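All remarks here apply to the structure that follows.
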Amino acid sequence: MAAIFIVDPRSGVPLYLQLIEQVKRAVALGTLASGEQLPTVKALAVDLTVNPNTVARAYRDLERDGIIETSPGRGSFVRADGSSKGESRRAIDDVAKSVLGDAVREAKTLGLARARAAEIFSEQLDRWFPPVPGDEQQ
Amino acid sequence: MSYVQFLRLRKSLTIYAIILGGLFLIGLAVGHSPSTIFESDGSHTKQSMTSLPLSGLLFFAGWCAIIFATVVSTSLNKEYDGVEMVWTKPIARERLAASYILLDLAAIIIAFLFAAALSVLEVASFGGLKYLTVDSRTVPTLVIGLGSAIMWYGLVQGLTAGQRGRGSMLIGISWGAAFCLILLAEVTRGINQPIHVLATIVNVFNPIAYFSSYSLSNFGAHESPVLPQALAGTEMRSILTWTIGLLGCAAAIAGWKRLEA
Amino acid sequence: MIPTHAVAIRDFTKRYGSFEAVSNLTLEVEPGSICGLLGPNGSGKTTTFKCLIGLTRPTSGTLEVEGASVQPETFETLAYVPERSALYEWLTVADHLEFNRRSYKTYDAKRANELVDLFRLERKKKVGKLSKGQHTAVALVLALSIRPRILVLDEPASGLDPVFQRSVLDLIIDAAAGGSTVLFSSHQIGQVERAADRVAILKNGKLIVDGTVDSLKGSEKVVEAIFDQAVPAVNGLASDPRVRRVERSGRILRAYVKEDSDGIARRLSEFSPKNVSVLDLNLEDIFINAVGGDIPMVKGDGA
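Residue numbers (this note's numbering), protein chains in the order written: chain B, 301 to 438; chain S, 4 to 264; chain V, 8 to 310.
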């Protein structure tokens, strides 16, 4: 289970935020199904070799954001009412905006003109979303 | 609770027993060989065929106990290497030191009794039991013998417990110093009175001064060539050896408690 | 009930003759948390631990565990793993376990055996024949087998291979997840980065950084300014209390700041750089910036 979560302790982004994003991503993509149980705080902390309070904080925030629900004694589960998927998708959207925004800012810092940046961006789109003959673009 | 020290002492006593056992067997072999009649073998004082004082055997046992005592006398000093382990246990340091010392003292007593028992056995194997005599020297020899062992133990323990390391060096030094002091007191007697007096005073703290062969030969006389006259009698020797020994143990406990890692 | 810190060190100073090993250290550790103590060799970490657990006496200040200075009874729930092995080389692993069994009321034989198997230790083997890593393993087994509420570890994974280091870290995390408080020192900054709630960095006996890993990463940043021409002199930058150090290289100026990176960025913008960015630092960078001063750099200055 823990293999689907990857965190980078060396990153400037706090671990608990990384974990929250990872869970939202998993829910948005369906890797974590509705109603599925998450590992316990203790198990996940040991699995990822991170501080248990980090995991606990992530779980608390995820619960506040409506992605998971925790019942004492039973554990933490992805909310079964389908709202979490939409919630997660929105969160992933936010992350994507931030990442792509950083990329554009970086391009600007490097001194690229807008047109050239757009060109390169289009090349990258073709690279990662290769057009499959006969199929519609997703 | 000083399981480790218990294990250590068990090991030491085992080695001690093996050595004495070896001597015992050698004694048997030598004594029973056809060319030898009943006479002294290295360890017993030579006596006539009519009586063999028990105090002689106890004298031997006393010396065995003294040797054993000096070997175990740096037990607290040696523990310094492992203090991160023993001082982080739920037991007060004084209690721990006291338990080490009690175990050591018990082992010394066992060492004494074992040597005494083996000597008696040795004598018995030659049919000499009927010649064994108990006299006025028997009990004092036992008391002062054990006392000297405990005194030596107490002195070394008291001096080394509060130190870090180099305890074994002191054992060696103490043996050398003890014999030198005896010699000094002996040779200066009558020749150089001031030094002789000084030597006898220092010898108050010398275990050998209380338990050399003078104990047996001039027993009863309040006279010793190596001790101050006032302290030469058997009662004084008995009291002094045990007292100094136990005071040394108390100093060791205090020293160990004050020590810092 | 007034909540007490699991570990409370207040104004602690230790002097050896004229040498001050630790100066006015104040550090508090919350129950159930993991605190990592970092610092170069000789910065006072081991001295602090020794005074905390009573092996040595402080020159001044107080060091308390659960509200009181350490007494023999405290060791029923406080376990210490020293940096160098304090085991008895001539005894076996089993002897050491027996030693523990007799010394503690809270000894958990089942847990001890679990851990012995986890580390694949042979019970009958003499400790003298074990590798360094196995020595540490035994020390950990002994410490964890009493289910301590407080765990103090001095460089628990020094000189060990990465797999083993990870196991040690997992055990620390497992202990904290079970409610124990852990205070450990390490040279493995990556370990502390992962596992610690808060971090304290010592240098020459003084506390120079103290905070949670997240808040430190949030405030310790590099402000990088790239100029068209040579880097201008920025008066007072290096002596600005918000700045740890300044680096210049060609047309790039880097200011390592401990707080208010935005403020420093604005300050640098006044000099019309081509670009100003605020970059993240990981804990290793933060540590080196805080502690190093002796790192050979491209000519810095004192502007």
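Glycine included, each C-beta is placed from N, C-alpha and C at the ideal position. The model shown is predicted, which means the values in this text are computed figures rather than measured ones.
Between the beta-carbon of residue i and the beta-carbon of residue j, is there less than 9 Å?
i	j	result
Ser-226 (chain V)	Ala-146 (chain V)	no
Val-307 (chain B)	Leu-315 (chain B)	yes
Asp-115 (chain V)	Gly-68 (chain V)	no
Tyr-87 (chain V)	Phe-106 (chain V)	no
Phe-126 (chain V)	Ser-187 (chain V)	no
Leu-60 (chain S)	Ser-122 (chain S)	yes
Phe-117 (chain S)	Leu-262 (chain S)	no
Asp-2 (chain S)	Gln-232 (chain S)	Outside the modelled stretch of chain S, which goes from 4 to 264, sits residue 2 (chain S), for which no answer is possible.
Lys-210 (chain V)	Pro-47 (chain V)	yes
Trp-259 (chain S)	Ala-164 (chain S)	yes
Ile-153 (chain S)	Thr-244 (chain S)	yes
Gly-85 (chain S)	Tyr-111 (chain V)	no
Leu-128 (chain V)	Ser-152 (chain V)	no
Lys-265 (chain V)	Arg-274 (chain V)	no
Ser-25 (chain V)	Lys-213 (chain V)	no
Gly-34 (chain S)	Ser-128 (chain S)	yes
Ala-181 (chain S)	Ile-211 (chain S)	yes
Phe-377 (chain B)	Leu-344 (chain B)	no
Ile-271 (chain V)	Val-216 (chain V)	no
Leu-158 (chain S)	Ile-111 (chain S)	no
Ser-40 (chain V)	Asp-204 (chain V)	yes
Ala-101 (chain V)	Lys-131 (chain V)	yes
Val-134 (chain V)	Leu-98 (chain V)	yes
Comparing C-alpha positions only, which one of the options sits nearest to residue i?
i	options	result
Thr-391 (chain B)	B:Val-313, B:Val-323, B:Tyr-316 and B:Pro-309	First, the residue type needs correcting, since residue 391 (chain B) is Ala and not Thr in the sequence shown. Of B:Val-313, B:Val-323, B:Tyr-316 and B:Pro-309, the residue nearest in Cα terms is B:Val-323.
Leu-104 (chain V)	V:Val-148, V:Asn-242, V:Gly-212 and V:Glu-27	V:Val-148
Gly-193 (chain S)	S:Val-229, S:Phe-214, S:Val-205 and S:Val-207	S:Val-229
Arg-6 (chain V)	V:Ala-15, V:Leu-32 and V:Val-14	A question about residue 6 (chain V) goes unanswered here, because the residues of chain V that appear run from 8 up to 310.
Leu-348 (chain B)	V:Ala-184, V:Ile-157 and V:Glu-73	V:Ala-184
Lys-228 (chain V)	V:Val-220, V:Val-285, V:Pro-248 and V:Ala-119	V:Val-285
Asn-242 (chain V)	V:Glu-277, V:Thr-99 and V:Ser-40	V:Glu-277
Thr-91 (chain S)	V:Val-29, V:Thr-99, V:Ile-215 and V:Pro-155	V:Pro-155
Gly-43 (chain V)	V:Ile-259, V:Ala-202 and V:Lys-139	V:Ala-202
Ile-157 (chain V)	V:Leu-137, V:Glu-129, V:Lys-213 and V:Glu-73	V:Glu-73
Asp-292 (chain V)	V:Phe-26, V:Thr-11, V:Gly-39 and V:Leu-45	V:Leu-45
Pro-93 (chain S)	V:Glu-27, V:Tyr-95, V:Leu-98 and V:Gln-78	V:Gln-78
Thr-319 (chain V)	V:Leu-85, V:Pro-38, V:Asp-267 and V:Ser-30	Absent from the model: residue 319 (chain V). The displayed extent of chain V is 8 to 310, so no value can be given.
Thr-246 (chain S)	S:Ile-174, S:Leu-201, S:Tyr-156 and S:Ala-202	S:Tyr-156
Pro-163 (chain V)	V:Ile-41, V:Arg-249, V:Pro-89 and V:Val-216	V:Pro-89
Arg-255 (chain V)	V:Ile-41, V:Ala-240 and V:Ser-268	V:Ala-240
Tyr-269 (chain S)	S:Leu-57, S:Phe-71, S:Pro-56 and S:Arg-98	The displayed coordinates of chain S run from 4 to 264. Any statement about residue 269 (chain S) would go beyond what the structure contains.
Return the Cβ separation of residue i and residue j in integer angstroms, given the expectation that the two are a contact with Cβ distance under 8 Å.
i	j	result
Tyr-263 (chain V)	Asn-289 (chain V)	Tyr-263 (chain V) to Asn-289 (chain V), Cβ: 13 Å. No contact.
Val-319 (chain B)	Ala-358 (chain B)	Before going on, a small fix: residue 319 (chain B) reads as Leu here, not Val. Between Ala-358 (chain B) and Leu-319 (chain B) the Cβ distance is about 4 Å, and since that is below 8 Å, they are a contact.
Leu-178 (chain V)	Val-36 (chain V)	Leu-178 (chain V) to Val-36 (chain V), Cβ: 18 Å. No contact.
Gly-375 (chain B)	Gln-337 (chain B)	5 Å
Lys-1 (chain V)	Ser-192 (chain V)	A question about residue 1 (chain V) goes unanswered here, because the residues of chain V that appear run from 8 up to 310.
Leu-223 (chain V)	Val-206 (chain V)	6 Å
Ile-180 (chain V)	Phe-294 (chain V)	With a Cβ gap of about 21 Å, Ile-180 (chain V) and Phe-294 (chain V) do not count as contacting.
Val-159 (chain V)	Ile-60 (chain V)	6 Å
Gln-160 (chain S)	Ser-76 (chain S)	5 Å
Arg-258 (chain V)	Val-238 (chain V)	6 Å
Gly-310 (chain S)	Lys-81 (chain S)	Because residue 310 (chain S) is not part of the residues shown, which for chain S are 4 to 264, the question remains open.
Thr-136 (chain S)	Ser-215 (chain S)	The Cβ separation is near 22 Å, so there is no contact.
Thr-63 (chain V)	Ala-264 (chain S)	6 Å
Does the beta-carbon of residue i, which I'm using as the reference point, lie nearer than 8 Å to any heavy atom of the ligand MG?
i	result
Glu-277 (chain V)	The ligand content of the structure shown is nil, which means the ligand MG is not present either.
request  = With 8 Å as the limit, tell me which residues of the stretch 304-316 of chain B have their beta carbon closer than that to any beta carbon of chain V; keep them in chain order.
outcome  = Pro-309, Arg-310, Ser-311, Gly-312, Val-313, Pro-314, Leu-315 and Tyr-316
ask   = Going along the chain, which residues of the stretch 346-367 of chain B sit with their C-beta nearer than 7 Å to a C-beta in chain V?
value = Val-346, Thr-349, Val-350, Asn-351, Pro-352 and Asn-353
task = Any chance you could list the alpha helix (DSSP H) runs of at least 4 consecutive residues sitting entirely within the stretch 180-256 of chain V, in chain order?
result = 196-202 and 220-226
key: Completely contained beta strand (DSSP E) runs for the stretch 120-180 of chain V, where each covers 3 or more residues   = 157-161
request  = Only counting runs of 3 or more residues, tell me where the beta strand (DSSP E) segments fall wholly within the stretch 341-426 of chain B, in order along the chain.
outcome  = 368-371 and 375-378
query = Taking any Cβ of chain V, which residues in the stretch 320-345 of chain B have a Cβ under 9 Å from it, in chain order?
reply = Thr-340, Val-341, Lys-342, Ala-343 and Ala-345
ask   = What are the uninterrupted segments assigned as alpha helix (DSSP H) that are 4 or more residues long and contained completely in the stretch 114-186 of chain S, given in chain order?
value = 141-163
request  = Taking a Cβ distance cut-off of 9 Å, strictly less, list which residues of the stretch 31-51 of chain V are near chain B, in chain order.
outcome  = Gly-39, Ser-40 and Ile-41
request  = Output the residue ranges of the beta strand (DSSP E) runs that lie fully inside the stretch 58-117 of chain V and measure 3 residues or longer, sorted by chain position.
outcome  = 67-72 and 85-88
message = Beta carbons nearer than 7 Å to chain V: which residues of the stretch 404-421 of chain B have them?
response = Thr-409
Where the stretch 185-212 of chain V meets chain B: residues whose CB sits under 9 Å from a CB there = Gly-185, Gly-197, Gln-198, Glu-200, Arg-201, Ala-202, Ala-203 and Asp-204
ask   = Which residues, taken in chain order from the stretch 243-257 of chain S, show a beta carbon closer than 9 Å to some beta carbon of chain V?
value = none
query = According to a CB-to-CB cut-off of less than 7 Å, which residues of the stretch 86-101 of chain S neighbour chain V?
reply = Val-86, Glu-87, Met-88, Trp-90, Thr-91, Lys-92, Pro-93, Ile-94 and Ala-95
task = Anything in the stretch 4-38 of chain S with a Cβ closer than 9 Å to a Cβ of chain V? List those residues in chain order, please.
result = Met-4, Tyr-6, Val-7, Leu-10, Arg-11 and Lys-14
query = If you measure beta-carbon to beta-carbon, which residues of the stretch 170-185 of chain V are closer than 8 Å to chain B?
reply = Arg-173, Leu-176, Asp-177, Ile-180, Asp-181, Ala-183, Ala-184 and Gly-185
request  = Quick one: which residues of the stretch 162-195 of chain S get their C-beta closer than 8 Å to a C-beta of chain V? List them in chain order.
outcome  = none
ask   = the stretch 116-148 of chain V: which residues have C-beta closer than 9 Å to a C-beta of chain S, in chain order?
value = Ala-146
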